[in-house]
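Remarks on the structure that follows.
In our numbering, the protein residues as written are 5 to 573.
Written out as structure tokens, the structure is:
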């Protein structure tokens, strides 16, 4: 094949509100798309119209040069590498119909399929290299329709039909024991899962419009796909065992054909508006998602060991308190009431007790329970030892411990409206700190125990205030700093230097950090995802990470704060 080398500039583009770092790989002034990486990750195959019709080219990621692979009179698309990296299989309309071809190591073109009145498209090798999967489109009146075929890679004549459909099929992705492909029903494209052992097929995607061109990660645990559910095609990410997508491309342009790098650390995709190929690092973001279940996961707090997370979830029905061993990725319900919901949780600084809000019959009550190594591994154990802090019928919720564990602050309606109160754990007495007919919420102690920081809607919008524990007038902390939104849910860093808050501007909530004594000049955005609401940030004991809630189906995420804090020094 002719080796016509064209230097390609590597342009780093701004990710804007996208939390991922993007780099633009190709900059040719023509169509470039359908990326596919070689098994060693050194080379990317892609489709381009640089020489007229669509043909297969290679891009050397180390040398940053492009090499044409196919030069013919046909239209070539859908490249895919063999597992040994020595061959590329692709679709070519060379003889008037779409057939499958292979480029061999010595640049020889080998025809895989040649069936009259049938188009073969979207070929892909099985991970072991033994089979080639592809989609066949029959134009025959008798056999008309779509089918998924599996052909032996060493004997093209041995082929079998695995699945038939009257509706259109497209792009197959294979990884380990998973096979996913696209099928179009009357309303939209959806993703289907095929069991290679039984041949059974089931719909997998749900609730999203035109879910297309899926790409399984090399380990089969994660999946990218494109969807125009927001009005234009964007790239989404989900775990492969459950359909719970996270939008990763925030830009308003059509993005399609995601492809994993072999190490599973990054993803390339085509941007259809500008017709170029871009790459996004995804490993960091995947590691930040701590908990993803089919339920809502809320109110996370990390034990000092950094290996155990307490949180509230309704994954098994009612909201309950869970303990998750992060090393083993195993969770159990440690506090559960069949007639009530656990809605919030806080952990005492010494890790020996937790306070939770329990809602039963519309009444929110505070319970405290001991936390031991034993009841972190035995189901319901902590809940069995829980006791109510109060015996009346007053709403109390959003409880947090003081650093020394000698007091608890919370919101109470005892005075007729949501006000801030404090409870002395030694004397068992409570004291009201704020008196206002409007709403105060989310109280936390300052590290020295002298103040309680909380959010209130006193200034016409939510802002952060503080009040002395000894009593006195509240004073504003962030009032008038957010002309277009609100500040809520304060949380102090372990060293007392940084206040984390949930700041909402134009209906988008993110976690912000800043120093209260130095003001807004030190404020920094920790989370920058315009597509989801990040809330309820909580620090880990070492102050290196922030745990927070995010996502439409609320999940728990963890993000390092080290670089952000270092940048403010």
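The beta-carbon is built from N, C-alpha and C at its ideal position, and this holds for glycine as well. Model, not experiment: these values are computed from the prediction.
Where residue i sits in the DSSP three-state scheme
{"i": "residue 566", "result": "helix"}
{"i": "residue 387", "result": "helix"}
{"i": "residue 553", "result": "strand"}
{"i": "residue 475", "result": "coil"}
{"i": "residue 523", "result": "helix"}
{"i": "residue 52", "result": "strand"}
{"i": "residue 105", "result": "strand"}
{"i": "residue 193", "result": "strand"}
{"i": "residue 80", "result": "strand"}
{"i": "residue 299", "result": "coil"}
{"i": "residue 503", "result": "strand"}
{"i": "residue 342", "result": "coil"}
{"i": "residue 509", "result": "strand"}
{"i": "residue 97", "result": "coil"}
{"i": "residue 25", "result": "Here the model assigns residue 25 a pLDDT of 47, short of 50, so the residue's position is not dependable and the matter cannot be decided."}
{"i": "residue 68", "result": "coil"}
{"i": "residue 324", "result": "strand"}
{"i": "residue 455", "result": "strand"}
{"i": "residue 518", "result": "strand"}
{"i": "residue 468", "result": "strand"}
{"i": "residue 284", "result": "strand"}
{"i": "residue 37", "result": "strand"}
{"i": "residue 558", "result": "coil"}
{"i": "residue 480", "result": "strand"}
{"i": "residue 379", "result": "coil"}
{"i": "residue 548", "result": "coil"}
{"i": "residue 304", "result": "strand"}
{"i": "residue 47", "result": "strand"}
{"i": "residue 332", "result": "coil"}
Assumed close pair residue i, residue j - CB separation to whole angstroms, cut-off 8 Å
{"i": "residue 197", "j": "residue 184", "result": "6 Å"}
{"i": "residue 116", "j": "residue 83", "result": "Contact flag wrong, Cβ pair sits at about 13 Å."}
{"i": "residue 272", "j": "residue 109", "result": "Not quite, the Cβ-Cβ distance comes to about 24 Å (not below 8 Å), so this is no contact."}
{"i": "residue 404", "j": "residue 448", "result": "5 Å"}
{"i": "residue 56", "j": "residue 261", "result": "Between residue 261 and residue 56 the Cβ distance is about 21 Å, and since that is not below 8 Å, they are no contact."}
{"i": "residue 247", "j": "residue 208", "result": "6 Å"}
{"i": "residue 503", "j": "residue 471", "result": "With a Cβ gap of about 15 Å, residue 503 and residue 471 do not count as contacting."}
{"i": "residue 505", "j": "residue 306", "result": "Residue 505 to residue 306, Cβ: 19 Å. No contact."}
{"i": "residue 386", "j": "residue 338", "result": "4 Å"}
{"i": "residue 390", "j": "residue 372", "result": "7 Å"}
{"i": "residue 249", "j": "residue 222", "result": "Not quite, the Cβ-Cβ distance comes to about 20 Å (not below 8 Å), so this is no contact."}
{"i": "residue 574", "j": "residue 346", "result": "The first residue shown for the chain is 5 and the last is 573, placing residue 574 beyond what the model contains."}
{"i": "residue 270", "j": "residue 284", "result": "6 Å"}
{"i": "residue 42", "j": "residue 85", "result": "5 Å"}
Endpoints, the beta strand (DSSP E) within which residue i is located
{"i": "residue 61", "result": "59-64"}
{"i": "residue 348", "result": "345-351"}
{"i": "residue 372", "result": "367-374"}
{"i": "residue 447", "result": "444-449"}
{"i": "residue 314", "result": "312-317"}
{"i": "residue 464", "result": "Taken as a continuous stretch (DSSP letters only), residue 464 belongs to no beta strand (DSSP E), as it is neither H nor E."}
{"i": "residue 540", "result": "539-543"}
{"i": "residue 491", "result": "489-496"}
{"i": "residue 89", "result": "Neither: residue 89 is in no beta strand (DSSP E) and is coded neither H nor E."}
{"i": "residue 364", "result": "357-364"}
Short CB-CB distance (under 8 Å) between residue i and chain D
{"i": "residue 352", "result": "Checking the listed chains, one finds no chain D in this structure; it contains a single protein chain."}
Heavy atom of the ligand GDP within 7 Å of residue i beta-carbon
{"i": "residue 34", "result": "What this structure holds is no ligand at all, so the ligand GDP is not there to describe."}
Exercise. Is the stretch 506-519 in contact with the stretch 261-278, if contact means three or more CB pairs nearer than 8 Å?
Worked result: Not touching, per the Cβ criterion.
Exercise. Is it true that the stretch 409-418 meets the stretch 350-365, where meeting means three or more beta-carbon pairs spaced less than 8 Å apart?
Worked result: At 8 Å Cβ cutoff, the stretches touch.
For this session: With a floor of 3 residues, list each beta strand (DSSP E) that falls wholly inside the stretch 387-434, ordered by position along the chain.
Result: For the stretch 387-434, the continuous beta strand (DSSP E) assignments of 3+ residues that do not extend past its boundaries occur at 400-405, 411-416 and 423-428, in sequence order.
Exercise. Touching or not, the stretch 471-480 and the stretch 489-498, by the rule of three or more beta carbon pairs under 8 Å?
Worked result: Contact between the stretch 471-480 and the stretch 489-498 is absent: fewer than three C-beta pairs spanning the two stretches fall below 8 Å.
Exercise. Which residue spans inside the stretch 196-282 form an unbroken alpha helix (DSSP H) run of at least 4?
Worked result: The qualifying runs do not exist here; there are none.
Exercise. Is the stretch 308-321 touching the stretch 546-560 in the sense that three or more CB pairs, one from each, lie closer than 8 Å?
Worked result: A contact exists between the stretch 546-560 and the stretch 308-321.
For this session: Give, in chain order, every unbroken run of the beta strand (DSSP E) that is at least 3 residues long and sits entirely within the stretch 101-189.
Result: Fully enclosed beta strand (DSSP E) runs of 3 or longer: 103-107, 113-115, 122-129, 135-142, 149-156, 159-169, 173-179 and 182-188.
Exercise. Contact between the stretch 97-112 and the stretch 120-127: three or more CB pairs below 8 Å?
Worked result: When Cβ pairs closer than 8 Å are counted between the two stretches, the stretch 97-112 is seen to touch the stretch 120-127, the count reaching three or more.
Exercise. Does the pairing of the stretch 206-216 with the stretch 159-170 give three or more beta-carbon distances under 8 Å?
Worked result: No contact exists between the stretch 206-216 and the stretch 159-170.
For this session: Take every Cβ of the stretch 147-160, pair it with every Cβ of the stretch 123-137, and state whether three or more of those distances are shorter than 8 Å.
Result: The stretch 147-160, when compared against the stretch 123-137, does touch it at the 8 Å Cβ threshold.
Exercise. Per the contact definition of three or more C-beta pairs closer than 8 Å, is the stretch 430-443 in contact with the stretch 458-471?
Worked result: Result yes; three or more Cβ-Cβ pairs closer than 8 Å.
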